[in-house]
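Position 52 of the sequence shown, counting from 1, maps to 74 under the working numbering, and the rest follow consecutively. Just so it is clear, CB atoms sit at the ideal spot from N, CA and C, and this is done for glycine as well.
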Amino acid sequence: MKKLSIAAMAFVLMLMSGLLIPRAVKAQDEEKKEKIMDESEDAKEDFIKKDPSMANLFKNSYAYVIFPNVGKGAAGVGGAAGYGTVYEKGKAIGTAHMTQVTVGPQAGAAAYREVIFFESKEALDRFTQNKLEFTAETQAIAVKSGASANANYRHGVVVFTAEKGGLLLDASLGGQKFSYKAI
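(1) Please name the residue, chosen from Q198, Q128, F200 and D60, that lies closest to A96 on a Cα-to-Cα basis.
(2) Helix or strand or just coil, what does DSSP make of K143?
(3) With respect to the beta strand (DSSP E) encompassing K94, which residues constitute its N-terminal and C-terminal limits?
(4) Using a Cβ distance threshold of 8 Å, determine whether the region 48-63 contacts the region 95-109, with at least three qualifying pairs required.
(5) Tell me whether G100 is buried or exposed, calling it buried when 16 or more other Cβ atoms sit within 10 Å of its Cβ.
(6) Roughly how many angstroms lie between the CA atoms of V123 and A102, to the nearest whole one?
(7) Label V87 either buried or exposed according to how many other C-beta atoms from any shown protein chain fall within 10 Å of its C-beta, with 16 as the threshold for buried.
(8) Taking A133 as the reference, give the member of A145, T150, S142 and V92 with the closest Cα.
(9) Tell me the rounded alpha-carbon separation between Q198 and Y84.
(10) DSSP beta-bridge partners for K113?
(11) By a C-beta neighbour count over all protein chains shown, 10 Å radius and 16 as the cutoff for buried, is E67 buried or exposed?
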């Protein structure tokens, strides 16, 4: 009887932990999402601080995604990744993950911010349906005062980056892939 009680208690504990672990993971995911959303808002302020005319793009674009912290490292072959927040008409609608693989002469590590503006619903839909991919020919504009004033959309998107720190010697070719998750 005593063995049965111990076995029953062990079973109940395993069952409870099985029920609690997913909740703990979900809570961690929520905390991570909130942190990324807060960092995205900070990055937006930083973009506008570096280039005040960028406020017009944030205000007038159909949508945008901000990756507040993209880490990039390389030693011959390189990679980058970051998480961000997707906004439609100024309201957060989802999260995004960006990955990049590059090949060619490169060495070092760097961190940067990236914002992608979408000109139309169709351009945003390509992104949210995971059909947007950037190739080596896609040009990102480095953020500095006035840089956004003459920026033009290409295929419905325009991309800006702002260095955060590090040193990366880079003459590589590669592309970025994105995945989207609605909130």
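According to the structure data:
(1) Q128
(2) helix
(3) A85 to E110
(4) yes
(5) buried
(6) 7 Å
(7) buried
(8) V92
(9) 21 Å
(10) E110
(11) exposed
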